[in-house]
Amino acid sequence: MFKKFIKAFKEFWNYHVEDHTTTLDILKEGNEQFTSYILHSAPVSNIERVRHMAIHGQNPQAVIVTCSDARISPERIFNAEMGDFFIIRTAGHVVGALEIGSIEYAVTHSSVDIIIVMGHENCGAVKSCIEDHDGAELGYIKDILHEVQPSIDKAALETDNKFELLERAEDLNVYHTVDKIKASSILKPYIESGKVIVVGAKYGIATGKVTFFDDTITCPVTYNK
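Shown next, in the form of structure tokens:
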């Protein structure tokens, strides 16, 4: 019995190691293709742009706070280039001290004039918060759920339809993140003077369309209204 267990374990281990190695090999090959493109095939303007950033540093146009979901790629969504955005990504686009500190760094060390908080439809973090975990071991995931929960609670006061609840909670979670960013003592002077605006948005995965929440620009606090 023990020998069978060892054999099964080795087969399982070898399969998964080979699987991971294949993924790593694909990533290595992808980077080789990328560097070859930069060195030999990219338009001259792109090569000059990369070299300029390497020498002079970054100067992004916008800060984008968004979800870690693999279906989201800000540069592609906004038809932008490498270096255009300073991007902070977490599950459910939740922000704490480290994330807000990163935003503060971007605003105080570059010429960005807009911070976009972009949620998306069918957000796994919001869905997970709605579901009953039945005592499952969550590790640090519980910290993400704790941050999203107020948006679920607020949405539940407006609807008990599970589809509407998810959609509304996703929207409210964007407002929640916007408000946390606006509360930063470092960012407040930039926002109040109009040097930087903070705007919420939601990405439609099926359509590619981004809907902007314009009321997040003008209202100092929107989430609790």
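Okay, so the sequence shown: first residue is 5 according to my numbering, each after it adds one.
Beta carbons are placed, not taken as given, at the ideal position from N, Cα and C, and that holds for glycine.
Predicted model only: the values in this text are computed from it and were never measured.
So what does DSSP say about T181, is it helix, strand or coil? Assignment of T181 by DSSP, reduced to helix, strand and coil, places it in the helix class.
Cα-Cα separation, F70 to V121: A small correction: the amino acid at residue 70 is Thr; Phe does not occupy that position in the sequence shown. Going from the Cα of T70 to the Cα of V121 covers about 6 Å.
Starting from Y109, follow the beta strand (DSSP E) in both directions and report where the run begins and ends. Here Y109 belongs to no beta strand (DSSP E); instead the alpha helix (DSSP H) covers 101 to 112.
Backbone CA spacing between V54 and E168 [nearest angstrom]: C-alpha of V54 to C-alpha of E168: approximately 44 Å in a straight line.
Do G96 and G128 have their C-beta atoms closer together than 9 Å? G96 places its beta carbon less than 9 Å from that of G128.
From K158 to L149, what does the alpha carbon distance come to, in whole angstroms? If I take the Cα positions, the gap works out to 14 Å.
Thinking V203 and T220 are a contact (beta carbons under 8 Å), I'd like their distance in whole angstroms, please. Taking C-beta atoms under 8 Å as the contact rule, V203 and T220 qualify, at a distance of about 5 Å.
Assigned exposure category for V48 - 16 Cβ within 10 Å defines buried: Under this definition V48 is an exposed residue.
With DSSP collapsed to three states, give me the class of A210. A210: coil per DSSP, three-state reduction.
Evaluate the contact criterion for the segment 79 to 93 versus the segment 107 to 123: three or more CB pairs, one atom per stretch, below 8 Å. The segment 79 to 93 is in contact with the segment 107 to 123.
Is D88 helix, strand or coil when you go by DSSP? Coil at D88, not helix or strand.
Quick one, are the C-beta atoms of G123 and K206 less than 9 Å apart? Taking 9 Å as the Cβ cut-off, G123 and K206 qualify as a contacting pair.
Compute the distance between the beta-carbons of E125 and I209, then report whether it is under 9 Å. In this structure, I209 lies closer than 9 Å to E125 by Cβ.
Which value, in whole angstroms, describes the spacing of the CA atoms of I119 and I195? So the alpha carbons of these two residues sit roughly 10 Å apart.
Residue range of the unbroken beta strand (DSSP E) whose run includes G123: The continuous beta strand (DSSP E) containing G123 extends over residues 118 to 124.
Is I42 near the ligand PLP, judged by its Cβ being under 8 Å from some heavy atom? What this structure holds is no ligand at all, so the ligand PLP is not there to describe.
DSSP three-state call for A205: helix, strand or coil? The answer is strand: DSSP assigns A205 an E or B state.
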